[in-house]
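**Student:** Under our numbering, residues 10 to 137 are what the sequence shown spells out, in order. For glycine and all other residues, C-beta sits at the position ideal for the given N, C-alpha and C. Take this structure, written in structure tokens, and hold onto it; I'll ask about it next.
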Amino acid sequence: MSKICVVVVSGSLERLQMAAMVTSVAAVSGHETLVFFSMNALPHFIRGRAIQAPVEGEMGTLMQEKNVPEFKTLFEQAVELGDARIYPCSMAMDVLGVEKGDLEAYLGEATGLTKFLGDAEGSQVWTF
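Now the structure itself:
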């Protein structure tokens, strides 16, 4: 199977949800899947923070009303049930003042963008 890399920088509900769906479907379909959380996406994965992802439009509102599976659950399932590895951005962690232990347990070791892009070479890269 191929390798799929997902770069998630947005903190909006619709973009986080779509990134999670791509990640989980790719991972459970047998694709090696690498995910890089940075910028406004990373704060959603700090343990104990109950921040709501802002809605961009009608679809976000409808997803909330219909109780669509939460994006965090989909990312976690991608790691547990498939071949997904999720890396927090080391620069974003520094800016936020968080350590590895502050993040959800299913996130891997922090990495820099240069390393992630090196690992992504030759693969499909999706950005949200």
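1) Can the beta-carbon of Leu22 be found less than 8 angstroms from the beta-carbon of Ala62?
2) Less than 8 angstroms separating the beta-carbons of Ile55 and Leu112?
3) List the DSSP bridge partners of Gln133.
4) Spatial neighbours of Gly121 within its chain, please: CB distance less than 8 angstroms, with the 5 preceding and 5 following residues excluded, ordered by chain position.
5) From the DSSP output, in three-state form, read off Pro52 for me.
6) On the three-state DSSP scale, how would you describe Arg94?
7) Ala36: beta carbon under 7 angstroms from a heavy atom of the ligand ZN?
8) Look at the alpha carbon of Val34 and the alpha carbon of Glu85, and state the distance between them as a whole number of angstroms.
9) Per DSSP, Phe46 forms a beta bridge with which residues?
10) Given that a residue counts as buried once 16 or more other Cβ atoms are within 10 Å of its Cβ, and exposed if not, what is Ser38?
11) Based on Cα-Cα distance, which residue from Lys75, Gln73, Ala93 and Val64 lies nearest to Gly20?
**Tutor:** The relevant details are as follows:
1) The residue given as residue 22 occupies position 13 in the sequence shown. The residue given as residue 62 occupies position 53 in the sequence shown. Yes.
2) Residue mapping note: residue 55 aligns to position 46 of the sequence shown, counting from 1. Residue mapping note: residue 112 aligns to position 103 of the sequence shown, counting from 1. Yes, Cβ-Cβ distance for Ile55 and Leu112 is below 8 angstroms.
3) One-based indexing of the sequence shown puts residue 133 at position 124. Paired residues: Ile13.
4) Residue mapping note: residue 121 aligns to position 112 of the sequence shown, counting from 1. Cys98, Ser99 and Met100.
5) As a first step, residue 52 must be located in the sequence shown, where it is residue number 43. Of the three classes helix, strand and coil, the one that applies to Pro52 here is helix, per DSSP.
6) Within the sequence shown, the letter at position 85 stands for residue 94. If DSSP states are grouped into helix, strand and coil, Arg94 belongs with the strands.
7) Questions concerning the ligand ZN fall outside what the structure shown contains, since it holds no ligand whatsoever.
8) If you number the sequence shown from 1, residue 34 lands on position 25. If you number the sequence shown from 1, residue 85 lands on position 76. So the two alpha carbons sit approximately 12 angstroms from each other.
9) In the sequence shown, the residue the question calls residue 46 occupies position 37. Answer by DSSP bridge pairing, in chain order: Val17 and Pro97.
10) Position 29 of the sequence shown, counting from 1, holds the residue named residue 38. Classification of Ser38: exposed, given that the 10 Å Cβ count is below 16.
11) As a first step, residue 20 is located in the sequence shown; it is residue number 11 there, counting from the start. Of the candidates Lys75, Gln73, Ala93 and Val64, the one whose C-alpha sits nearest the C-alpha of Gly20 is Val64.
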